[in-house]
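Chains as they are written, first to last, in the working numbering: chain F, 1478 to 1723; chain Y, 1478 to 1723. Worksheet for the structure shown next.
2 protein chains.
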Amino acid sequence: MQRWKLTIEYDGGPFVGWQRQPNGPSVQEALETAVTAFCGEETLVQGAGRTDTGVHAMGQVAHVDIHYPATPKTVRDAINHHLQDNPISVLSAEAVSEDFHARFSATGRAYLYRILNRRARPVLERGRVWHVARNLDADAMHAAAQRLIGKHDFTSFRATECQADSPVKTLDRLDVSRVADEIHIVAEARSFLHHQIRNFAGTLEYVGRGKWTPDDIDRILAAKSRAAAGPTAPPQGLYLTKVVYG
Amino acid sequence: MQRWKLTIEYDGGPFVGWQRQPNGPSVQEALETAVTAFCGEETLVQGAGRTDTGVHAMGQVAHVDIHYPATPKTVRDAINHHLQDNPISVLSAEAVSEDFHARFSATGRAYLYRILNRRARPVLERGRVWHVARNLDADAMHAAAQRLIGKHDFTSFRATECQADSPVKTLDRLDVSRVADEIHIVAEARSFLHHQIRNFAGTLEYVGRGKWTPDDIDRILAAKSRAAAGPTAPPQGLYLTKVVYG
């Protein structure tokens, strides 16, 4: 038996999310079906992060145990072959030891949230960005984001259905910058609460349009109430870009 | 009557190209229909460049004459409104004098050609790049591209159906660089021959994989024969990025 670490890109649009669910196609199910088609084995593809419905990944990581002997290139290409028309691509496959666990060995996760900030609706990037027509102040958003860095009780930014044991997390990075007509929010932490980044994005958008100031972020954090923060930004702007190990 | 300069983004995928044609939907026709729906006038939307079937634009420019009085914002937003689900967006509308002509006043055109150069097929960028799985040497491609700079008879890179009076053009810029797992080819000239950039891309791909060297470019140029150059790269990697005036 060999454990394989897979790095995966996907378009979250057509999926109910990473996790296998009875109500629709999931990325996990598509990968498990492809692995079985390749090697004939029933497997569990364990992901590092459970991305929500519609959320994309450029660098999701998963592991899977396969008895069928194969090279890394074969594992990658064979799974991709059997994924057929699913908008999922295995970027690399790497042989790892059995103490590697995609989720529990991860020491960091990085996400990108993309806002297309222009009047005209997205065309080339449709389904890939949150479209905000009103002009946003990226500098104010960045200043506000810095109030969120560090160890905090993030209850105000946590989905009510979040299953994490504790709302206390340490946020390592939350940078906001303008890139041509987009605003990029880069978030890094060991782990995130459910909807945490989309709730950050929805709240920072309020700052960007001048409804709130950076000082409001302190108030929102202190409130420890989801109702205190801004709305949850839509999923199609969010990308899991990297999972860090070791 | 007011002449309007429109800057336009579109996904070329569903269109037969910029130019109105009897055999399918064109970007020009979609825009003309939207303008008529907005102001009730039959108009000609004159574009700066006739992009081919499947070729995209981030910065196509067109002009249109409208009698109905309106502000630039209204022109932009109203056309966008009436474009409905067409993957076309008017980024800006600017009032210009009647001696402005989108095509004949243009003094420069810039294109980007994107190659996704990795083993795994495109997912997030599907329909937006040419996928080349074999590893390409971007430095060799750039070196070869420099042989094409300047004034040349570009017959070897010209589609047989090209209607330009002369195959002699002056190429101002042809830069090839690697950007993460993509290779970007940036081309700038006053104007281009039909398929010229896609034929550059197909030829440079041969250099990138080591089939040809930069010296072959000199041979190909001198041959003045389409058969001497590489194949025409597919349309979905090509973007009209900018039209320069004055």
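Ideal Cβ positions, reconstructed from N, Cα and C, are used throughout, including at glycine.
In this structure, DSSP gives Arg-1603 (chain Y) a state outside helix and strand, which the three-state scheme calls coil.
For Ala-1641 (chain Y) and Arg-1667 (chain F), the gap between their C-alpha atoms comes out near 59 angstroms. The beta carbons of Met-1535 (chain F) and Thr-1718 (chain F) sit closer together than 7 angstroms.
Taking all protein chains in view, the Cβ of His-1672 (chain F) is crowded by 16 or more other Cβ atoms within 10 Å, so the residue is classified as buried.
Take the alpha-carbon of Ile-1485 (chain F) and the one of His-1578 (chain Y): they are about 47 angstroms apart. Among the residues facing chain Y, Pro-1564 (chain F) is included, as its CB has a counterpart in that chain under 7 angstroms away.
Exclusion of the five residues before and after Leu-1648 (chain Y) leaves Leu-1625, Ile-1626, Ala-1666 as the residues of its chain whose Cβ lies within less than 6 angstroms of its Cβ. Residue pairing by DSSP places Gly-1524 (chain F) opposite F:Ala-1539 in a beta bridge.
Burial check for Lys-1482 (chain Y): the Cβ neighbour count within 10 Å reaches 16 or more, so the residue is buried. Along the stretch 1482-1514 of chain F, going in chain order, the ones with a CB nearer than 8 angstroms to a CB of chain Y are Glu-1486, Tyr-1487, Asp-1488. Annotation for Thr-1520 (chain F): Glu-1509, Val-1512, Thr-1513, Val-1541, Asp-1542, Ile-1543 place their beta carbon closer than 7 angstroms to its own, counting only its chain and skipping 5 residues before and after.
The Cβ of Arg-1611 (chain Y) sits no closer than 7 angstroms to any Cβ of chain F. The distance from the Cβ of Asp-1658 (chain Y) to that of Leu-1593 (chain Y) is about 6 angstroms, consistent with a contact at the 8 angstroms cut-off. Residues of the stretch 1646-1672 of chain Y with a Cβ closer than 9 angstroms to any Cβ of chain F, in chain order: Asp-1658. For Glu-1518 (chain Y), there is no enclosing beta strand (DSSP E), as DSSP gives it neither H nor E. A distance of 7 angstroms or more separates the beta carbons of Pro-1712 (chain F) and Asp-1488 (chain F).
A direct Cα-to-Cα measurement between Thr-1584 (chain F) and Ala-1570 (chain F) gives close to 20 angstroms.
Non-local C-beta neighbours of Ala-1664 (chain F) in its own chain, meaning closer than 6 angstroms and more than five positions away in sequence, comprise Tyr-1588, Leu-1651, Ile-1674, ordered along the chain.
Here DSSP, grouped into helix, strand and coil, assigns Ser-1633 (chain F) to helix.
Setting aside the 5 residues that flank it on each side, Tyr-1683 (chain Y) is surrounded in the same chain by Trp-1689, Gly-1707, each with a C-beta closer than 6 angstroms to its C-beta; the list follows chain order. In the three-state DSSP reduction, Lys-1628 (chain Y) falls in the strand class (E or B).
With a minimum length of 4 residues, the unbroken runs of alpha helix (DSSP H) contained wholly in the stretch 1625-1690 of chain F fall at 1673-1685. One finds Arg-1596, Ala-1597 in chain F with Cβ atoms closer than 8 angstroms to the Cβ of Arg-1553 (chain Y), taken in chain order. When C-alpha distances from Pro-1491 (chain F) are compared across F:His-1661, F:Phe-1634, F:Asp-1692, F:Ala-1507, the shortest belongs to F:Ala-1507.
Using a Cβ-Cβ cut-off of 9 angstroms, Asn-1557 (chain Y) is close to Arg-1596, Ala-1597, Arg-1598 of chain F, given in chain order.
Scanning its chain for C-beta atoms nearer than 6 angstroms, with the 5 sequence neighbours on each side dropped, one finds around His-1619 (chain F) the residues Val-1653, in chain order. Counting only Cβ-Cβ distances below 9 angstroms, Arg-1605 (chain F) has contacts in chain Y at Leu-1601, in chain order.
Pairing Ala-1525 (chain F) with Val-1720 (chain F) gives a Cβ-Cβ distance under 7 angstroms. Residue contact with chain F for Leu-1568 (chain Y): present (Cβ-Cβ distance below 7 angstroms to some residue of chain F). A direct Cα-Cα distance of roughly 18 angstroms separates Ala-1610 (chain Y) from Thr-1548 (chain F). Taking a Cβ-Cβ cut-off of 9 angstroms, His-1629 (chain F) has no neighbours in chain Y, whose nearest Cβ is about 32 angstroms from it.
Within the same chain, Tyr-1487, Asp-1488, Gly-1490, Pro-1491 come within 8 angstroms of Pro-1564 (chain F) by CB-CB distance, once the 5 residues on both sides are set aside. Neighbours of His-1533 (chain Y) in chain F, taken as residues whose beta carbon is under 8 angstroms from its own, are Leu-1601 in chain order. A buried status is given to His-1533 (chain Y), since no fewer than 16 other beta-carbon atoms sit within 10 Å of its beta-carbon.
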